[in-house]
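Student:
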Amino acid sequence: GAGVSQTPSNKVTEKGKYVELRCDPISGHTALYWYRQSLGQGPEFLIYFQGTGAADDSGLPNDRFFAVRPEGSVSTLKIQRTERGDSAVYLCASSRGVAGAKDTQYFGPGTRLTVL
Amino acid sequence: AQSVTQLGSHVSVSEGALVLLRCNYSSSVPPYLFWYVQYPNQGLQLLLKYTSAATLVKGINGFEAEFKKSETSFHLTKPSAHMSDAAEYFCAVRSNFGNEKLTFGTGTRLTIIP
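So the sequence lines, in the order shown, correspond to chains E and U.
Residues in the first sequence are numbered from 1 upward in steps of one, following my numbering.
Residues in the second sequence are numbered from 1001 upward in steps of one, following my numbering.
Encoded structure:
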């Protein structure tokens, strides 16, 4: 595809349930990022993959959050035992993964997660 | 640690007037700076970026920004606002040491008055 895609676009779940959010990066991009955007706030970093491995997961808020990228392309963000405070738009971005100024992150449209 | 501060969560300008959105950064190392725009129900789109080449950076849709080290600022401007510029604008900073996370400001919602 031409850009980063995310599915589903909207997800409504009940408190305590498990959810998976999917991100398809731009073809050939080796770097993939997850961000969370709460209402009225800027995006906040969650985790960054270079290839299959998580190069930086310092933004994951707690151990209920986990992300994988097993083949170095598609990534899944997994949230266990969801809480109302997890409600937000989850954004995915990808980049070519080259060092320095040439590396630009391209964002998907996001998944809006609502926890009732 | 790096951070950006966007002054003014809401800015309104008349169509045809100058747009000025403010961003100040804090960084212990020379940063890369970015402006992204977010239209309703869409993802973030890169407007422009500063990467230590020219201090005046031109972007898409007629926007530009000037990096001022002495003021630690990277304000976004456009000479003449269009109705289509109505959106949320985010300033972001990134370390120049590789492929690292973006740290965003809280955003400025721009409204254009007909």
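We put the CB at the ideal spot given by N, CA and C, even for glycine.
The structure displayed is predicted, hence computed values, not measured ones.
Output the residue ranges of the beta strand (DSSP E) runs that lie fully inside the segment 1005-1087 of chain U and measure 3 residues or longer, sorted by chain position.
Tutor: 1010-1014, 1019-1021, 1024-1026, 1031-1038, 1044-1050, 1056-1058, 1064-1068 and 1073-1078
Student: At a CB distance below 8 Å, what residues from the segment 1037-1064 of chain U approach chain E? Give them in sequence order.
Tutor: N1041, Q1042, G1043, L1044, Q1045, L1046, K1049, T1051, S1052 and A1053
Student: Inspect the beta-carbon positions of L91 (chain E) and G72 (chain E) and report whether they are closer than 8 Å.
Tutor: Locating residue 91 (chain E) in the first sequence gives position 91, where the first residue counts as 1. Locating residue 72 (chain E) in the first sequence gives position 72, where the first residue counts as 1. No. Outside cutoff.
Student: Considering only residues of the segment 8-96 of chain E, which uninterrupted beta strand (DSSP E) runs meet the minimum length of 3 residues and lie entirely inside it, listed in chain order?
Tutor: 10-13, 19-24, 31-37, 44-50, 53-56, 65-68, 75-79 and 88-95
Student: Return no unless some Cβ of chain E is closer than 8 Å to the Cβ of K1068 (chain U).
Tutor: If you number the second sequence from 1, residue 1068 (chain U) lands on position 68. Answer no: the Cβ-Cβ gap between K1068 (chain U) and chain E never drops below 8 Å.
Student: Kindly say whether G1107 (chain U), judged by its beta-carbon, lies nearer than 8 Å to any beta-carbon of chain E.
Tutor: Taking the first residue of the second sequence as 1, we reach residue 1107 (chain U) at position 107. It does: the Cβ of G1107 (chain U) has a partner Cβ on chain E nearer than 8 Å.
Student: Taking just the CA atoms, how far does A93 (chain E) sit from R69 (chain E)?
Tutor: Stepping through the first sequence from its first residue, residue 69 (chain E) is reached at position 69. Stepping through the first sequence from its first residue, residue 93 (chain E) is reached at position 93. Roughly 13 Å separates the two Cα atoms.
Student: Under 8 Å, Cβ to Cβ, is there at least one residue of chain U near Y18 (chain E)?
Tutor: What you label residue 18 (chain E) is simply residue 18 of the first sequence in a count that begins at 1. No, its Cβ sits nowhere closer than 8 Å to a Cβ of chain U.
Student: For N1024 (chain U), which residues in the same chain have their Cβ closer than 6 Å to its Cβ, ignoring the five residues on either side in sequence?
Tutor: On the second sequence, position 24 is the one that residue 1024 (chain U) refers to. Closer than 6 Å at Cβ, skipping near neighbours: T1005, T1072 and S1073.
Student: Can you tell me the Cα-Cα spacing of D1085 (chain U) and S1012 (chain U), whole angstroms?
Tutor: Taking the second sequence and counting its residues from 1, the one referred to as residue 1085 (chain U) is at position 85. Taking the second sequence and counting its residues from 1, the one referred to as residue 1012 (chain U) is at position 12. Roughly 11 Å separates the two Cα atoms.
Student: What is the residue span of the beta strand (DSSP E) that T1111 (chain U) lies within?
Tutor: Residue numbering aside, residue 1111 (chain U) sits at position 111 when the second sequence is read from its first letter. T1108 to I1113 is the extent of the beta strand (DSSP E) around T1111 (chain U).
Student: Can you grab the Cα-Cα spacing for the pair T104 (chain E) / R112 (chain E), in whole Å?
Tutor: Mapped onto the first sequence, residue 104 (chain E) falls at position 104. Mapped onto the first sequence, residue 112 (chain E) falls at position 112. Cα-Cα distance, rounded: 24 Å.
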